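Protein chains in written order, with this note's numbering: chain A, 1212 to 1502; chain H, 4 to 324.
For each residue, glycine too, the CB sits at the ideal point set by N, CA and C.
Here the structure is a predicted model, which is why all the values come from computation and not from measurement.
The structure appears right after this line, and notes come after that.
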Amino acid sequence: MTLNHGSFAHTDEHCIEMKKCLVIICFIIGIAIPAFGEPAKRIVSLAPNITEILYALNVEDRIVGVTNFCDFPEAAKTKPRIGGMSNPSLEAVLSLKPDLVMVTTDGNARQFEERLRSLKMKTYVFRARHIADFPSELRSMGSLLGVSKKAEILARELETALAKRKSELSREQSMIQKKILFVIWPDPLIVAGSNTVINDAITMLGYENSAHRATSAYPKYSLEAVLQEPPDMIVIGKGHPDMKKLSEGILQRLSFVPAAKNGAVCYVSDNLYRLGPRVINGIEELEACFK
Amino acid sequence: MFQIKILFLIFFSIAAFLCALFFGPKIILPWTLGDIEKEILLSIRLPRVIVAFLMGTALGVSGAVLQGILRNPLADPYVLGISSGASLVAALGILGGVTFLGNSTIPVLAFLGAMMSGGLVGMMGMRKGGLWPERLLLAGVGLSFLFSALLMLLLSISNDEGLRRALLWIFGDLSMSDWDRIPYGLIFILSGLALAMSRAKALNVLILGDELAHSLGFSPKRERLLLFISVGLMTAAAVSLGGMIGFIGLLMPHIMRFFFGADSRLLIPASALGGGSLLCIADLLSRSVLLPQEIPAGVVTAIIGAPYFLYVLRRKDVLSM
């Protein structure tokens, strides 16, 4: 009995201590949460697609720096520049006094991100490379920036668009797969290979990327390969204001390919070049090519 | 013995040319031609193989001549700043929106740039009415650095992705070789080759030194200028045909010296054939091994050429000219 009592007393003491601890922990968290949890107010974006996403999330007023390549939307061009994607200026980034630097694994150097962290800078690494991974990446960006709702809307929009294509695809499965060659640059011929957002969009629409066997993302492509496995459609992306004129030569050289001969050539924008909010428009554009 | 070696080289060149033409991503035999095969053979491969042979020839001969007139075994056609001048002018043209010649705009601009920088180097290497080997070499290196730096500056301040892509070919690209560029290339390269061949005897003498050349009845100033012009013509044409392809200009003359000796009358045609065949084979590999991707031909020339050169180097003192 005494033993029991003793143990009770001990438990009571324990409880009080626990409560104290809890109070202290809560207190610490109470102070710490606003400091940690407050969304970043001064963001530097080190990639054009991140800049586009930030604009789509309506947090553009928090962007204090972008790369030289951040040209969309138009307003992004007025933000302070910090250099290229592969060679941003560390000094320029630091002098903007950001509280968050957003980098991507697709184009930024890992060492740069490590350098930033060693300087006690908070970073966010954008890891998605494919359309399928994009919605979840959007959500985590949204929650980090305190705009979960807007991010959720964008992510849902994207998922609905993807699901719609998927269901349409399963209905038309009997259809023969048409081949698309997506030209990035006509001379020398550079096309979109398999590890690209463009390839995702093409396969999502139920077509086949002519260059899916190429190992690098944007390979210099063999003309002979185009002739031997002629695509049903040649899509030419925008890399220059006048792609029509630039592409005359390559289309003439490929005049033996039915697509080039019959004018199954489609000029599209650069919507699919970046994993950003414009991929939906890019998918629609690609879809329209076959209508 | 020489006749056998020469016959062998001619036979080897023809074989290389034919291999490059009929082999490739897909082996095409002339007696089983379908429509697609015919199209591939005639409008893609044949112009490409001809351009490769022409370029290799131009580079091989330019290297042999240049090493002679500069009296320097390390001279290579690109040391004169010709290629960096070509790429700089091409880049300026693209940025300025020059498209007056359609698809041939860039090659024509590159040719103009190459000739211009060749002329500049010549002017700077000129002193007391003659070209001085050391001055020529240093002027070339200096201008080459300046032009490359300006090109880098242009590329880093311009955000035009198109410009980078449009300049890709300067680092060696034969994939877009087309019939319409061949006549010009042929004219410039053949006239350069003819000029070099006609002055081959003078080149032999120049290597021995200016005083000796003078006493043997040659005017070193005049001969060096003529030979320099022939190098300029050939290198400029080669750059505008397919950009810069390394190794051949520098090392093919040394390999040929090992087989045929240092007599320029033999060395020039041998370097022509050797350079042409090596580039044909290199280009064949560059478009076949990683199908459907292409790898730069310059990479292949160095990978197959350099080990062979090092092997030759161990066996004989090839650097003696």
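Could you please give the first and the last residue of the uninterrupted alpha helix (DSSP H) stretch that includes residue i?
{"i": "THR238(H)", "result": "223-245"}
{"i": "TYR1266(A)", "result": "1259-1267"}
{"i": "MET119(H)", "result": "108-128"}
{"i": "THR1315(A)", "result": "THR1315(A) -> not in any alpha helix (DSSP H); beta strand (DSSP E) instead, spanning 1311-1315."}
{"i": "GLY314(H)", "result": "For the sequence presented, residue 314(H) should be read as Tyr rather than Gly. Looking at the DSSP string, the run of the alpha helix (DSSP H) that includes TYR314(H) is 300-318."}
{"i": "GLY1460(A)", "result": "1454-1464"}
{"i": "ILE1491(A)", "result": "1490-1500"}
{"i": "CYS283(H)", "result": "267-291"}
{"i": "VAL1304(A)", "result": "1301-1306"}
{"i": "VAL92(H)", "result": "85-98"}
{"i": "GLU214(H)", "result": "213-218"}
{"i": "GLU1285(A)", "result": "Where GLU1285(A) is concerned, there is no enclosing alpha helix (DSSP H), given that its DSSP letter is neither H nor E."}
{"i": "PHE261(H)", "result": "251-263"}
{"i": "ARG1424(A)", "result": "Where ARG1424(A) is concerned, there is no enclosing alpha helix (DSSP H), given that its DSSP letter is neither H nor E."}
{"i": "ALA1251(A)", "result": "Premise fails: ALA1251(A) is in no alpha helix (DSSP H) and is neither H nor E."}
Taking the beta strand (DSSP E) that residue i belongs to, which residues open and close that run?
{"i": "CYS22(H)", "result": "Premise fails: CYS22(H) lies in the alpha helix (DSSP H), 5-25, not in any beta strand (DSSP E)."}
{"i": "VAL64(H)", "result": "Where VAL64(H) is concerned, there is no enclosing beta strand (DSSP E), although the alpha helix (DSSP H) it sits in stretches over 49-72."}
{"i": "VAL1270(A)", "result": "Element bounds for VAL1270(A): n/a, residue is neither H nor E."}
{"i": "VAL1446(A)", "result": "1444-1447"}
{"i": "GLY1276(A)", "result": "1274-1276"}
{"i": "VAL1476(A)", "result": "1476-1478"}
{"i": "SER1433(A)", "result": "First-last for SER1433(A): undefined, no H or E at that position."}
{"i": "SER1256(A)", "result": "1254-1256"}
Who are the near neighbours of residue i in its chain, counting only those whose CB is closer than 7 Å to its CB and skipping five residues on each side?
{"i": "ARG1489(A)", "result": "GLU1263, ASN1482"}
{"i": "ALA1471(A)", "result": "ILE1445, LEU1462, LEU1465"}
{"i": "ALA1499(A)", "result": "none"}
{"i": "VAL321(H)", "result": "At VAL321(H) the pLDDT is 48, less than 50, meaning the model places this residue with poor confidence and gives no usable figure here."}
{"i": "ALA1243(A)", "result": "Low confidence applies to ALA1243(A): its pLDDT is 45, below 50, so where it sits in the model is not reliable, and the reading given next is rough at best. None."}
{"i": "ILE7(H)", "result": "none"}
Just the C-alpha distance for residue i and residue j, rounded to the nearest angstrom, thanks.
{"i": "ARG1485(A)", "j": "ALA1372(A)", "result": "17 Å"}
{"i": "ILE298(H)", "j": "VAL242(H)", "result": "18 Å"}
{"i": "GLY175(H)", "j": "LEU294(H)", "result": "18 Å"}
{"i": "THR238(H)", "j": "HIS257(H)", "result": "18 Å"}
{"i": "LEU69(H)", "j": "LEU140(H)", "result": "10 Å"}
{"i": "ALA309(H)", "j": "LYS1331(A)", "result": "48 Å"}
{"i": "ASP1344(A)", "j": "LYS1377(A)", "result": "16 Å"}
{"i": "ALA1287(A)", "j": "ILE1445(A)", "result": "31 Å"}
{"i": "SER194(H)", "j": "TYR187(H)", "result": "11 Å"}
{"i": "CYS22(H)", "j": "PHE14(H)", "result": "12 Å"}
{"i": "PRO1452(A)", "j": "LEU254(H)", "result": "42 Å"}
{"i": "PRO110(H)", "j": "ALA1267(A)", "result": "43 Å"}
{"i": "ILE72(H)", "j": "PRO136(H)", "result": "7 Å"}
{"i": "ALA1475(A)", "j": "LYS1502(A)", "result": "11 Å"}
{"i": "SER107(H)", "j": "SER180(H)", "result": "11 Å"}
{"i": "THR1315(A)", "j": "ILE1254(A)", "result": "14 Å"}
{"i": "PRO1299(A)", "j": "ALA152(H)", "result": "20 Å"}
{"i": "ILE97(H)", "j": "LEU1257(A)", "result": "28 Å"}
{"i": "SER1354(A)", "j": "LEU1369(A)", "result": "17 Å"}
{"i": "ILE1261(A)", "j": "VAL1304(A)", "result": "16 Å"}
{"i": "HIS1216(A)", "j": "LYS1252(A)", "result": "The predicted position of HIS1216(A) is uncertain, since its pLDDT is 45 and thus under 50; a value taken from the coordinates is nonetheless stated next. One C-alpha to the other measures close to 56 Å."}
{"i": "MET1415(A)", "j": "ALA1422(A)", "result": "15 Å"}
{"i": "PHE250(H)", "j": "ALA305(H)", "result": "6 Å"}
{"i": "ALA273(H)", "j": "ILE17(H)", "result": "13 Å"}
{"i": "VAL302(H)", "j": "ILE1491(A)", "result": "40 Å"}
{"i": "LEU1434(A)", "j": "ARG130(H)", "result": "49 Å"}
{"i": "GLN296(H)", "j": "ALA1436(A)", "result": "9 Å"}
Here's a check: name, in chain order, each residue in its chain whose Cβ is nearer than 6 Å to the Cβ of residue i, leaving out the five neighbours to either side.
{"i": "ALA19(H)", "result": "SER280, CYS283, ILE284"}
{"i": "ILE1447(A)", "result": "VAL1394, MET1454, SER1458, TYR1478"}
{"i": "PRO1397(A)", "result": "LEU1457, SER1458, ILE1461"}
{"i": "SER1480(A)", "result": "LYS1449"}
{"i": "LEU229(H)", "result": "ARG202"}
Any heavy atom of the ligand NAP within a distance shorter than 7 Å of the CB on residue i?
{"i": "VAL68(H)", "result": "Absence of the ligand NAP from the depicted structure is noted, as is the absence of any ligand whatsoever, leaving it without description."}
Excluding the five sequence neighbours on either side, which residues of its own chain have a C-beta within less than 8 Å of the C-beta of residue i, listed in chain order?
{"i": "GLY132(H)", "result": "LYS224"}
{"i": "GLY1241(A)", "result": "Residue placement at GLY1241(A) is flagged as unreliable, the pLDDT there being 48, under the threshold of 50; the coordinate-derived value follows with that caveat. So the list is empty, once near-sequence residues are dropped."}
{"i": "LEU196(H)", "result": "THR60, ALA61, VAL64, SER233, MET237, ILE271, ALA275"}
Touch test, the stretch 143-157 of chain H against the stretch 115-127 of chain H, Cβ-Cβ under 8 Å, three pairs minimum: yes
Any alpha helix (DSSP H) of 4 or more consecutive residues that is wholly inside the stretch 1319-1407 of chain A: 1321-1329, 1345-1356, 1359-1382
Three or more C-beta pairs below 8 Å linking the stretch 230-237 of chain H and the stretch 50-67 of chain H: yes
Any beta strand (DSSP E) of 3 or more consecutive residues that is wholly inside the stretch 163-195 of chain H: none
Stretch pair the stretch 244-264 of chain H + the stretch 199-218 of chain H: three plus CB contacts closer than 8 Å: no
Stretch-stretch touch, CB-based, cutoff 8 Å, three pairs: the stretch 1418-1435 of chain A with the stretch 1392-1403 of chain A: yes
At least 3 beta-carbon pairs within less than 8 Å: the stretch 77-94 of chain H vs the stretch 38-57 of chain H: no
Validate contact between the stretch 82-95 of chain H and the stretch 217-224 of chain H using beta carbons, cut 8 Å, 3 pairs: no
Inter-stretch contact at 8 Å, needing at least 3 Cβ pairs: the stretch 36-47 of chain H / the stretch 196-212 of chain H: no
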